[in-house]
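Asker:
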Amino acid sequence: MMRDEKKPAAGPVCRMCRAALPPPRRGRPALYCSRGCQAKAYRRRKQTPAPAAERPAVTGARARRRRQVAEALWRIAAERGLHAASLREVAAEAGVSLRAVQYHFESKHHLLVTALHMLHEENARIARSRVPHDPADPRALLRAVLEEFLPVDAQRATALRVFAAYYARSLTDPALAEVFLAAEQPLERLVADLIGAAQDAGRTAPGLDAWREADLLVSGAIGLGGDVLHRRRTLDDVRRTLDYHLDKIFAGDPARTARVPGEGSDGLQDGQRAAGSG
């Protein structure tokens with residue numbers, strides 16, 4: 010019988026041609042039906058490229074260099090957009106060689122994704138140091154979270170510009186969109202959880218849908234923050250708009266009413282407001 014006519018069997022089979030192997034008489038069972046199949050297997054193993062050596066952990070000097078490159082990408086994205094952030098441009102902005110960028114980031118997509126994750130981590134770290142953790146005043150806590158979406162200072166203005174550049178790129182880059190547009194919507198979930206906790210404590214207006222309110226607040230704050238970057242609105246005007254919506258959410262909060270009796274959200278006493286309207 011020709012070798013290519015061998016049929017697989019239920020018992021042990023040759024690792025190369027899958028032909029049935031005879032039962033072992035003594036010692037280790039055979040792996041191949043002939044010396045020819047054994048030679049083929051040996052040649053195949055020799056031709057298989059060795060796996061690439063794993064790169065060292067991202068620590069120390071390597072972590073600092075990756076951060077240096079990521080910051081260069083952020084600056085280019087904020088000033089000129091991601092379309093201008095070629096690996097060569099990023100290398101020049103970071104003051105390193107193109108080869109150094111390629112060593113730390115295997116492709117432009119890898120650089121874009123890594124830099125995006127690093128920016129999220131940086132923003133979260135800074136926000137945790139700024140946002141007060143006072144469960145006794147859920148409105149102030151929610152207000153501070155929304156403030157993080159506004160270009161209040163240079164750091165937040167740069168971050169908003171970078172995220173805007175990523176958003177524009179994600180419209181035409183499906184692979185980047187999968188990373189940039191997180192399906193779990195962490196910002197909306199955070200705001201919804203804060204509203205839900207205030208609801209459980211009886212601190213909000215009745216009948217609210219926490220998730221819908223969060224959707225509106227987050228998208229509204231981000232959009233209004235963009236208007237501030239374009240100088241279409243002022244920060245004070247945007248803050249008044251956010252306060253208006255927060256006052257509707259926390260309308261009837263007994264703790265807030267008891268804390269400042271007779272005072273509205275604009276800080277005026279009822280008598281002062283009546284006098285001003287007269």
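So for the sequence shown, the working numbering puts the first residue at 10; every next one is plus one.
C-beta: ideal position from N, C-alpha, C; glycine also.
Roughly how many angstroms separate the alpha carbons of V110 and V78, rounded to a whole number?
Answerer: 7 Å
Asker: How is V171 classed by DSSP in three states: helix, strand or coil?
Answerer: helix
Asker: Which whole runs of the alpha helix (DSSP H) in the stretch 99-125 are 4 residues long or more, in chain order?
Answerer: For the stretch 99-125, whole alpha helix (DSSP H) runs of length 4 or above, ordered along the chain, are 107-113.
Asker: What is the rounded straight-line gap between the Cα of M127 and the Cα of R242?
Answerer: 30 Å
Asker: Less than 8 Å separating the beta-carbons of R178 and L169?
Answerer: no
Asker: Among the candidates S43, V188, I85 and D218, whose CA atom is the shortest distance from the CA of E102?
Answerer: Cα-wise, what sits closest to E102 is I85.
Asker: Under 8 Å between the Cβ atoms of V227 and E197?
Answerer: In terms of Cβ geometry, V227 and E197 form a close pair [threshold 8 Å].
Asker: Whether or not the stretch 206-216 and the stretch 156-164 are in contact is what I'm after, with contact meaning three or more pairs of Cβ atoms, one per stretch, closer than 8 Å; do they touch?
Answerer: no
Asker: On the DSSP bridge assignment, give the partners of A260 in chain order.
Answerer: In the DSSP assignment, A260 forms no beta bridge with any residue.
Asker: Around the Cβ of R165, are there at least 16 other Cβ atoms within 10 angstroms (buried) or fewer (exposed)?
Answerer: buried
Asker: Provide the residue(s) that pair with A29 in DSSP beta bridges, ordered along the chain.
Answerer: V22
Asker: Give me the residue from Q47, P195 and I258 with the minimum Cα distance to D218.
Answerer: Ranking the options by Cα distance to D218, first place goes to I258.
Asker: Distance, Cα to Cα, R75 vs E88?
Answerer: 20 Å
Asker: Quick one: residues in its chain with C-beta nearer than 7 Å to the C-beta of G261, no 5 flanking neighbours on either side, listed in chain order?
Answerer: Only A214 meet the Cβ criterion.
Asker: Take the Cβ of E115 as the centre, count every other Cβ of all protein chains shown within 10 Å, and call the residue buried at 16 or more, exposed below.
Answerer: exposed
Asker: Can you tell me which of R221, V171, R139 and D143 puts its alpha carbon nearest to the alpha carbon of A124?
Answerer: V171
Asker: Which class does H142 belong to by DSSP, given the choice of helix, strand or coil?
Answerer: Note: H142 maps to coil in three-state DSSP.
Asker: When the Cα atoms are used, what is the spatial distance from D245 to V237?
Answerer: 10 Å
Asker: Cα separation between A230 and A136?
Answerer: 16 Å
Asker: For the alpha helix (DSSP H) holding A87, just list the boundary residues, first then last.
Answerer: Its alpha helix (DSSP H) spans residues G69 to R89.
Asker: CB-CB under 8 Å to H142, same chain, minus the five flanking residues each way: which ones, in chain order?
Answerer: Once the five neighbours on either side are set aside, the close Cβ partners of H142 are L150.
Asker: Could you give the distance in angstroms between the alpha-carbon of A100 and the alpha-carbon of P147?
Answerer: 45 Å
Asker: Do you know offhand how far Q47's Cα is from Y112's?
Answerer: 40 Å
Asker: With a CB to CB cut of under 8 Å and the five nearest residues on each side skipped, what residues in its chain are close to V22?
Answerer: Correct list, in chain order: A28, A29 and L30.
Asker: With a cut-off of 8 Å on the beta carbons, I'd call V200 and V154 a contact; round off their distance for me.
Answerer: 6 Å
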